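Protein chains in written order, with the working numbering: chain A, 1 to 239; chain B, 1 to 239.
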């Protein structure tokens, strides 16, 4: 900034860079909080940290952003590398920049959440260090990853009340019982069955398929499909 | 990552840093989108860019993050330096990391919005390059700042429907007419007076002060105050 009030003295970007060289020594990473749902459990895809400093601790799936990629591209790359999926809903949530958060130096990380159908036929967890974990069971993690996980979980709790994102976790056809189970697992509360069905009906997010469940250990329920889903930041469908 | 499946070979943070030195050459900035409201106009605090490359273009108020500060601290510092205020609502919105977004090199920026009462007695815009601009009038800006402004404006539109953030832009006592004017200015739409009052009443965000406006060029309205406000990311008040 010029100190010559009333007049702006301009500088070139090159001169600014030279005067700020000390600032250009940060690395930026992205961390993907990949959520899934299976057998009544709300899960997240984690790996054991490969750093001595966090030996035995669980870590989110992340990587440093390469010089030739932007933040979203880095997230999609990680998802593709880790799950085989490339058409997945990703949502940037928050950037974490505490000074000492990474033992390798200043690394600022941008967190994304992603919602994956665990039984998707293209889901390929080829790396045998990577496993699904029940979100409710997770305690300490490497780095500030527990805080990042909690922040993304909280954001998801808020999003599922406002937008049709929850369907990205479900198979194409689902019962309202399954949908309610999933809401309860994410919100961590029990919901009243009748109230839940009234609210879902008001939102107009699902369509009755005129089909019934088969092979279930309870009275078969009607099957529904989502009228709209979130896809890469935009809602697709009829809403 | 180890390629030795089933066994994890650990490395130290120091070794990881050495193998990733090329990644530690990014600078991180924060940009503050400081919104205000005055005379029926929804405004934002901007400065003319001091870079030759963006001569004459308007720019957000931002700065590089210093080695000894985290992202939130950098935002509060900028707000304090630029407005004199240190008790202001700040909300992290989104991080922008396009490869070529800054001519000085790779600079990734985290955007915050802030809501300021323009008539606040402590507001001191001492720098005479810094001015309030009507948001609706802003066209091209320096860097990707128009995109950042639009993203923050969109986030604010969504937040004012869900949380009691809008009161941070208003004086302590306000009429429902003023509140509706402000909603309309932010949303960019006209609202039906009766519907608006019904919705605000349902939200239970305001309290009737049993006082009337004075010195207004229209029929004096009742004065209200906010029951709750957002303050540094948390809601304070009685809600």
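Positions of the beta carbon are idealized from the N, C-alpha and C atoms, including for glycine.
Treat the numbers as computed from the prediction; the structure is a model and nothing was measured.
Just checking my contact of residue 186 of chain A with residue 160 of chain A at CB under 8 Å: how many whole Å lie between their CB atoms?
Contact holds; Cβ gap of about 6 Å.
With a threshold of 8 Å between beta-carbons, can residue 52 of chain B be considered close to chain A, or not?
Yes, residue 52 of chain B counts as interfacial toward chain A.
Could you list the residues in the stretch 83 to 103 of chain A with a C-beta less than 7 Å from some C-beta on chain B, going in chain order?
Sequence-ordered contacts of the stretch 83 to 103 of chain A with chain B read 92, 94, 95, 97, 98, 99, 103 [C-beta pairs closer than 7 Å].
For residue 220 of chain A, which of A:190, A:112, A:177, A:183 has the nearest alpha-carbon?
For residue 220 of chain A, the nearest C-alpha among the options comes from A:177.
Host alpha helix (DSSP H) of residue 24 of chain B (start-end):
First-last for residue 24 of chain B: undefined, no H or E at that position.
In chain B, which residues lie less than 7 Å from residue 13 of chain A when you measure between Cβ atoms?
Contact of residue 13 of chain A with chain B by beta-carbon distance below 7 Å involves 51, 53, 103, 104.
Proximal residues to residue 1 of chain B (C-beta, below 7 Å), its chain only, five neighbours per side dropped:
Here residue 1 of chain B scores only 43 on pLDDT, less than 50, and its place in the model is too uncertain to base an answer on.
Mind reading off the beta-carbon distance from residue 112 of chain A to residue 165 of chain A? Whole number of angstroms is fine, and I expect it under 8 Å.
Contact between residue 112 of chain A and residue 165 of chain A fails: their C-beta atoms lie close to 13 Å from each other, not under 8 Å.
Residues that residue 110 of chain A contacts on chain B, provided the C-beta gap is smaller than 7 Å
Here the neighbours are 95.
Are the stretch 72 to 80 of chain A and the stretch 137 to 147 of chain A touching, with three or more C-beta to C-beta distances below 8 Å?
Using a C-beta cut-off of 8 Å, the stretch 72 to 80 of chain A makes no contact with the stretch 137 to 147 of chain A, since fewer than three inter-stretch Cβ pairs fall below that distance.
Assigned exposure category for residue 92 of chain A - 16 Cβ within 10 Å defines buried:
It is buried - the Cβ of residue 92 of chain A has at least 16 other Cβ atoms within 10 Å.
Against residue 26 of chain A, what residues of chain B qualify as contacts under a CB-to-CB distance less than 7 Å, listed in chain order?
Here the neighbours are 24, 26, 27, 28.
Can you list the beta strand (DSSP E) stretches of 3 or more residues lying completely in the stretch 202 to 226 of chain B, in chain order?
Within the stretch 202 to 226 of chain B, the complete beta strand (DSSP E) runs of at least 3 residues are 206 to 212, 222 to 226.
Proximity of residue 26 of chain B and residue 106 of chain B at Cβ, strictly below 8 Å
Inclusion of residue 26 of chain B and residue 106 of chain B in the CB contact set at 8 Å is warranted, their separation being smaller than that value.
Return yes when the Cβ of residue 223 of chain B is within less than 8 Å of the Cβ of residue 202 of chain B, no when it is not.
The beta carbons of residue 202 of chain B and residue 223 of chain B sit no closer together than 8 Å.
Starting from residue 52 of chain A, trace the alpha helix (DSSP H) both ways and give me its first and last residue.
In this chain, residue 52 of chain A is not harboured by any alpha helix (DSSP H), its DSSP state being neither H nor E.
Run through chain A and tell me which residues come within less than 7 Å of residue 17 of chain B, C-beta to C-beta.
104, 105, listed in chain order.
From residue 132 of chain B to residue 87 of chain B, what distance separates their C-alpha atoms?
Counting only the Cα atoms, residue 87 of chain B lies some 20 Å from residue 132 of chain B.
So with Cβ pairs under 8 Å, would you call residue 46 of chain B a contact of chain A?
So no, residue 46 of chain B is outside the interface.
Minimum length 3: unbroken beta strand (DSSP E) runs contained in the stretch 94 to 141 of chain B:
The qualifying runs are 107 to 115, 130 to 134.
Closer than 8 Å is the cut-off here; do at least three beta carbon pairs connect the stretch 120 to 138 of chain A with the stretch 37 to 51 of chain A?
Touching, per the Cβ criterion.
Report buried or exposed for residue 21 of chain A, applying the criterion of at least 16 other Cβ atoms within 10 angstroms of its Cβ.
Taking all protein chains shown into account, residue 21 of chain A has fewer than 16 neighbouring C-beta atoms within 10 Å of its C-beta and is therefore exposed.
For a contact meaning CB atoms closer than 8 Å, what does residue 20 of chain A contact in chain B?
Near residue 20 of chain A (Cβ distances below 8 Å), the residues of chain B are 27, 64, 104.
For the beta strand (DSSP E) containing residue 71 of chain A, name the first residue and the last one.
Unbroken run through residue 71 of chain A is the alpha helix (DSSP H), 71 to 83; no beta strand (DSSP E).
Does the beta carbon of residue 187 of chain A come closer than 8 Å to any beta carbon on chain B?
Chain B, which has no Cβ nearer than 8 Å to the Cβ of residue 187 of chain A, makes this no.
Determine the direct distance from the alpha carbon of residue 182 of chain B to that of residue 35 of chain B, and round the result to whole angstroms.
Rounded to the nearest angstrom, the gap between the Cα atoms of residue 35 of chain B and residue 182 of chain B is 12 Å.
Quickly, what does DSSP pair residue 34 of chain A with across the bridge? List them, please.
Beta-bridge pairing links residue 34 of chain A to A:114.
Distance check for residue 62 of chain B and residue 94 of chain B, CA to CA, integer angstroms please.
Each residue's alpha carbon lies about 14 Å from the other.
Excluding the 5 residues flanking residue 238 of chain A on each side, which residues of the same chain have their C-beta closer than 7 Å to its C-beta?
Because the pLDDT of residue 238 of chain A is 38, which lies under 50, any placement of that residue in the model is unreliable, and the question is left without a value.
What is the C-beta distance between residue 90 of chain B and residue 126 of chain B, in whole angstroms, given that I count them as a contact (C-beta under 8 Å)?
Going by Cβ atoms, the distance from residue 90 of chain B to residue 126 of chain B rounds to 20 Å, so no, they are not a contact pair.
Chain B contact for residue 60 of chain A (CB, 8 Å cutoff):
Using a CB distance cut-off of 8 Å, residue 60 of chain A does not count as an interface residue toward chain B.
Identify the contact partners of residue 67 of chain B in chain A, using a Cβ-Cβ distance below 9 Å as the criterion.
Under the 9 Å cutoff, chain A gives 22, 23, 25, 26, 99, 106.
Let me make sure I understand the geometry here. Which of B:152, B:149, B:110, B:167 has the alpha-carbon closest to that of residue 70 of chain B?
With distances taken between CA atoms, residue 70 of chain B lies nearest to B:110 out of B:152, B:149, B:110, B:167.
Since residue 68 of chain A and residue 138 of chain B should fall inside the 8 Å C-beta cutoff, what is the C-beta to C-beta distance between them, to a whole number of angstroms?
The Cβ separation is near 32 Å, so there is no contact.
Using the C-alpha atoms, what's the distance from residue 38 of chain B back to residue 212 of chain B?
Taking the straight line joining both Cα atoms gives about 20 Å.
Classify residue 144 of chain A as helix, strand or coil using the three-state DSSP reduction.
Residue state, collapsed to three classes: coil.
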